[in-house]
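Undergrad: From first to last, the protein sequence lines are chains A and B.
At position 2 of the first sequence the residue is numbered 2 (the numbering used here), and the sequence of numbers has no breaks.
At position 304 of the second sequence the residue is numbered 304 (the numbering used here), and the sequence of numbers has no breaks.
Think of the CB as a built atom: it goes at the ideal place given N, C-alpha and C, for glycine as much as any other residue.
Given the structure is predicted, the values throughout are model-derived calculations rather than measurements.
Protein chains: 2
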Amino acid sequence: MRLSQYFLPTLKETPAEAQIVSHRLMLRAGMIRQSSAGIYSWLPLGFRVLKRIEQIVREEEDAAGCQEVLMPTIQPAELWRASGRYDDYGAEMLRIKDRHDRDMLYGPTNEEQITEIFKAYIRSYKHLPKLLYHIQWKFRDEVRPRFGVMRGREFLMKDAYSFDLDYAGAERSYRKFFVAYLRTFARMGLKAIPMQADSGPIGGDMSHEFQILAETGESKVFCDKAFLNFDPLQSDIDYDGNLKPLVDRWTGLYAAADEKHDPAKCPVKGDQLLEARGIEVGHIFYFGTKYSAPLGANVDGPDGKSTTVHMGSYGIGVSRLTGAIIEASHDDAGIIWPESVAPFRVGLINLKTGDAKTDALCADVYAKLRQKKVEVLYDDRDERAGAKFADMDLIGLPWQVIVGPRGAAVEKVEVKNRRTGERAEMSVDQALTKVAG
Amino acid sequence: MRLSQYFLPTLKETPAEAQIVSHRLMLRAGMIRQSSAGIYSWLPLGFRVLKRIEQIVREEEDAAGCQEVLMPTIQPAELWRASGRYDDYGAEMLRIKDRHDRDMLYGPTNEEQITEIFKAYIRSYKHLPKLLYHIQWKFRDEVRPRFGVMRGREFLMKDAYSFDLDYAGAERSYRKFFVAYLRTFARMGLKAIPMQADSGPIGGDMSHEFQILAETGESKVFCDKAFLNFDPLQSDIDYDGNLKPLVDRWTGLYAAADEKHDPAKCPVKGDQLLEARGIEVGHIFYFGTKYSAPLGANVDGPDGKSTTVHMGSYGIGVSRLTGAIIEASHDDAGIIWPESVAPFRVGLINLKTGDAKTDALCADVYAKLRQKKVEVLYDDRDERAGAKFADMDLIGLPWQVIVGPRGAAVEKVEVKNRRTGERAEMSVDQALTKVAG
């Protein structure tokens with residue numbers, strides 16, 4: 001993509017309304033534009049990142065045996081009356097009347113709807129377990145939306161739901177998501193720490209939040225440093241196998257959010273305890289028959305008796321992750337995208353647009369990168385070199401290939417790694433090999 | 001994917017509420033489930049088709065130089081007050097009050113919103129033309145929603161918008177979409193006929209509807225049979241080149257919807273006139289400064305003077321296309337998916353699940369297809385052969401590979417082409433070659 005044609009409205013000024021770094025950088029990098037409070041349009045650069053995150057989430061859900069559906073944003077109120085949540089939910093639910101004066105709502109989540117779908121078709125334990133997910137826009141009418149896409153009103157979420165015959169089955173499903181979540185976040189270059197969360201009146205220990213570590217994170221977290229050595233991508237996962245040992249390895253380590261951390265009772269001593277900041281990006285939760293009972297989602301068990309299914313729900317904040325990744329990966333100059341979610345892999349900078357030799361060498365590099373299917377944003381604008389450097393650092397593409405008249409004369413380019421800051425001059429062929437990955 | 005694990009709730013009965021064939025088949029094939037009037041959940045099979053259609057639309061928009069953004073579903077009423085459409089739009093607009101009693105709405109379209117975004121960032125003719133699109137759910141509160149996804153209330157639409165300095169520029173942008181639309185529908189196996197449509201108070205001839213031919217289509221259309229020989233995919237398009245000759249070739253032929261067709265004035269005579277049925281799946285429309293003027297979207301022209309930009313909008317009904325393709329491609333037994341949008345390419349039918357040799361041969365074929373990255377749905381259920389044949393024909397995958405004990409004994413399988421009905425026995429290797437495409 002040529003930057004001269006790309007719709008990338010970067011800002012030099014730091015927007016006053018943005019309180020946190022990810023919000024500032026997303027506005028400055030031309031990723032989003034506010035439509036109204038807590039509601040954003042995604043401009044081309046932001047949209048590309050959002051899609052990459054969504055795709056990683058999708059691939060890991062699919063790998064875990066979860067099947068993708070898509071439920072609508074507008075739901076009938078009756079469903080929520082059946083579960084008892086219509087009145088409980090409060091002002092955060094966006095309530096709507098349609099032209100026939102029927103009560104509708106913009107779904108803040110989908111437990112009721114997926115349970116209705118399950119119930120309509122599945123009658124036998126033989127069709128269990130069933131894991132279903134969708135990636136859809138949700139609406140929660142926050143009283144004070146803020147922090148950009150980190151706490152918006154209209155937000156993109158992946159929510160999955162599991163249906164099992166009994167607790168043991170639900171436990172197996174829960175572990176699948178536990179592992180899939182570790183892999184999902186690791187693929188985005190994030191260090192995710194699962195922390196036991198409140199399971200409310202359901203009880204038990206099947207409720208975990210996933211916090212990713214970020215220096216500018218919203219909350220303080222404490223955990224065993226051993227987490228830092230765990231790599232969820234080290235080996236392939238057999239989701240049909242026994243995942244208990246793997247999950248136990250993670251849940252066996254200490255991790256707690258600030259409000260739950262009691263230094264006196266903490267089993268991790270001294271230097272082994274990591275005190276860090278985190279951002280919640282996922283939550284998995286077993287809730288038994290909370291929705292299946294009132295909505296009547298029953299199946300015939302092996303004994304022929306009707307049994308209410310056990311459910312769990314599993315959420316990942318997809319649009320929130322865009323901000324969370326920036327919180328975890330940036331410097332004073334701007335965003336530093338992990339390669340897996342970067343909007344483009346390479347930024348090609350022409351230091352002297354209009355200079356015949358420089359233009360020609362840039363065109364050559366641009367064509368070769370495209371031929372290799374490397375996604376490249378080519379800054380061919382007629383701008384000062386300083387402005388081009390600043391914009392490229394701001395938008396945070398993993399690699400920069402810099403071409404100026406001096407190098408062009410000897411057919412050399414400079415390659416910069418955005419994360420390490422390392423720069424080196426090399427031939428075009430060497431540069432292509434280096435950045436192609 | 002193994003059908004025993006797949007969430008594919010096919011129905012034997014024809015649902016009474018469905019009046020048209022695509023609605024009946026989508027319900028029977030387990031593609032969708034109604035959530036409330038005109039609002040549907042997409043079950044796994046339907047979701048896969050929707051995504052394929054969306055991806056073809058995306059690729060052709062990108063090829064035409066259009067950049068993808070994503071605007072939110074919930075818009076502030078002020079925007080629509082500024083254009084004067086808030087009051088004009090009537091009861092089809094889903095109006096909402098948020099918790100702070102602000103007037104919001106669920107976007108039925110996005111002219112105002114995209115104009116606001118454009119205006120915020122683009123100030124110079126140097127950044128024109130700008131073509132932007134998004135693929136987002138829309139809501140139109142139809143008084144009597146019907147025909148399944150063909151006329152739903154919540155529906156997925158691709159809407160693109162062009163911004164140009166003047167009429168000549170707008171004309172060039174318009175032609176890009178004209179050509180991109182021909183290619184988009186052709187890639188879905190559809191025969192699309194562009195028909196001049198009303199351009200309202202704007203006047204001129206830059207308004208075309210794209211109707212695809214379907215025996216069970218909603219409206220009667222008349223056109224020159226020469227259209228049938230045109231293939232928009234025959235050659236690559238240079239979207240930066242002069243598209244006028246190509247567009248003129250298409251617009252030079254006679255085509256009219258029933259209400260505009262006057263046999264006395266029709267220039268096409270006798271046998272050369274095709275009388276067929278069609279379904280509208282796209283509309284492209286130049287509307288000048290209708291939105292840019294009231295919303296103040298101006299740029300500085302080459303002469304330094306501020307000029308109001310010329311706009312066009314370009315819509316494709318993405319969810320509607322799912323139904324439209326079925327209307328255009330089905331038989332008494334069910335859906336016949338064009339390969340490009342098929343949810344899976346191959347259906348593998350095990351005629352005797354539990355028979356060791358048949359199971360082994362099926363497992364072999366299944367593994368080999370997956371290895372070749374051919375998407376395959378393997379019917380490994382313990383069901384009668386007749387039920388399996390019926391389901392596979394119903395869901396309409398392009399190829400069926402049928403394995404029974406008699407063939408398994410001699411390592412042979414049967415391959416059936418869903419569209420032609422052709423069946424032939426062959427070796428596994430031959431079958432793999434045939435269906436892999």
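Taking a contact to mean a Cβ-Cβ separation below 8 Å, would you say Val401(A) touches Val415(A) in this structure?
TA: The answer is yes: Cβ separation under 8 Å.
Undergrad: Would you mind working out which of Pro72(A), Asp101(A), Phe7(A) and Gly152(A) sits nearest Val318(A), comparing C-alpha positions?
TA: Gly152(A)
Undergrad: Which of the three DSSP states, helix, strand or coil, is assigned to Gln5(B)?
TA: In this structure, DSSP gives Gln5(B) a state outside helix and strand, which the three-state scheme calls coil.
Undergrad: Run through the DSSP bridge pairs and tell me what Tyr378(A) is partnered with.
TA: Arg2(A) and Leu348(A)
Undergrad: Given this structure, state the Cα-to-Cα distance separating Ser22(B) from Trp337(B), to the nearest angstrom.
TA: 12 Å
Undergrad: Applying the 10 Å Cβ sphere with the 16-neighbour rule, what's the burial state of Ala387(B)?
TA: exposed
Undergrad: Please confirm if the region 214-228 of chain B is in contact with the region 255-275 of chain B, defined as three or more CB-CB distances below 8 Å between the two stretches.
TA: yes
Undergrad: Using a Cβ cut-off of 7 Å, pull out every chain B residue sitting near Val376(A), in sequence order please.
TA: By Cβ distance, chain B contributes nothing, its closest Cβ being about 15 Å from Val376(A), past 7 Å.
Undergrad: So is Gln234(A) buried or exposed if we call it buried at 16+ other beta carbons inside 10 Å?
TA: exposed
Undergrad: Mind pulling the chain B residues with CB within less than 7 Å of Trp42(A)?
TA: Val69 and Leu70
Undergrad: In terms of DSSP beta bridges, what is Ala257(A) paired with?
TA: Val221(A)
Undergrad: In the DSSP output, what is Ile193(A) paired with across the bridge?
TA: Gln211(A)
Undergrad: In whole angstroms, what is the alpha-carbon distance linking Lys440(B) and Arg175(B)?
TA: Any answer about residue 440(B) is impossible in this case: the structure gives chain B only from 1 up to 437.
Undergrad: Could you list which residues in chain B have their beta carbon closer than 8 Å to that of Trp137(A), in chain order?
TA: Pro72, Thr73 and Trp137
Undergrad: Mind listing the chain A neighbours of Glu154(B)? Cutoff is C-beta to C-beta under 9 Å, in chain order.
TA: Pro72, Thr73 and Ile74
Undergrad: Could you tell me which chain A residues have their CB closer than 9 Å to the CB of Tyr6(B), listed as they occur along the chain?
TA: Gln67
Undergrad: If you draw a straight line from the C-alpha of Val428(A) to the C-alpha of Lys412(A), how long is it?
TA: When rounded, the distance between both Cα atoms is 6 Å.
Undergrad: Would Lys130(B) count as contacting chain A if we go by Cβ distances under 8 Å?
TA: yes
Undergrad: In chain B, which residues lie less than 7 Å from Tyr121(A) when you measure between Cβ atoms?
TA: Pro9
Undergrad: I want to verify the contact list: residues of chain A whose CB lies under 7 Å from the CB of Arg143(B), in sequence order.
TA: Per the sequence presented here, residue 143(B) reads as Val, with Arg not at that position. Under the 7 Å cutoff, chain A gives Arg99.
Undergrad: Using the beta-carbon of each residue, which ones in chain A are nearer than 9 Å to Ser35(B)?
TA: Met71, Pro72, Ile74, Gln75, Pro76, Leu79, Gln113, Glu116 and Ile117
Undergrad: Helix, strand or coil, according to DSSP, for Phe177(A) in the structure here?
TA: helix
Undergrad: Does DSSP put Lys305(B) in a helix, in a strand, or in coil?
TA: Coil at Lys305(B), not helix or strand.
Undergrad: Quick one: which chain B residues come within Cβ less than 7 Å of Ala91(A)?
TA: Arg99
Undergrad: For Trp325(A), return the contacting residues in chain B, with the cut-off set at a CB-CB distance below 7 Å.
TA: Strictly speaking, residue 325(A) in this sequence is Ile, with Trp absent from that position. Correct list: empty, because the minimum Cβ distance to chain B is about 18 Å.
Undergrad: According to the Cβ coordinates, are Ala328(A) and Ile212(A) closer than 8 Å?
TA: With a cutoff of 8 Å on beta-carbon distance, Ala328(A) and Ile212(A) are scored as near each other.
Undergrad: Does the beta-carbon of Leu228(A) have 16 or more other beta-carbons within 10 angstroms, so that it is buried, or is it exposed?
TA: exposed
Undergrad: When you compare the CB of Phe230(A) with every CB in chain B, is at least one pair closer than 8 Å?
TA: no
Undergrad: Could you give the first and the last residue of the continuous alpha helix (DSSP H) run that contains Val365(B)?
TA: Ala356 to Gln371
Undergrad: Taking Cβ positions only, does Leu94(A) come closer than 8 Å to chain B?
TA: Interface flag for Leu94(A) against chain B is set, since a Cβ pair is found closer than 8 Å.
Undergrad: For Ile420(A), does the count of other Cβ atoms within 10 angstroms reach 16, so buried, or fall short, so exposed?
TA: The sequence given here places Thr at residue 420(A); Ile does not occur at that position. With fewer than 16 Cβ atoms within 10 Å of its Cβ, Thr420(A) is classed as exposed.
Undergrad: Where Arg252(A) and Lys191(A) are concerned, what is the direct C-alpha to C-alpha distance, given to the nearest angstrom?
TA: Looking at the sequence itself, residue 252(A) is Gly, so the reference to Arg does not match. If you take the alpha carbons of Gly252(A) and Lys191(A), they lie about 17 Å apart.
Undergrad: Is Gly278(A) near Ser207(A), with beta carbons less than 8 Å apart?
TA: Result no, Cβ atoms of Gly278(A) and Ser207(A) do not sit closer than 8 Å.
Undergrad: Please return the same chain residues whose Cβ sits closer than 8 Å to the Cβ of Val281(A), not counting the five positions on each side in sequence.
TA: Phe185, Leu190, Ala192, Phe210, Gln211, Ile212, Ile316, Gly317, Arg320, Leu321 and Ala324
Undergrad: Thinking C-beta only, is Ser173(B) closer than 8 Å to Gln113(A)?
TA: No, the Cβ-Cβ distance between Gln113(A) and Ser173(B) is not below 8 Å.
Undergrad: Rounded to whole angstroms, what's the CA-CA distance from Met71(A) to Gln19(B)? Just pull it up for me.
TA: 23 Å
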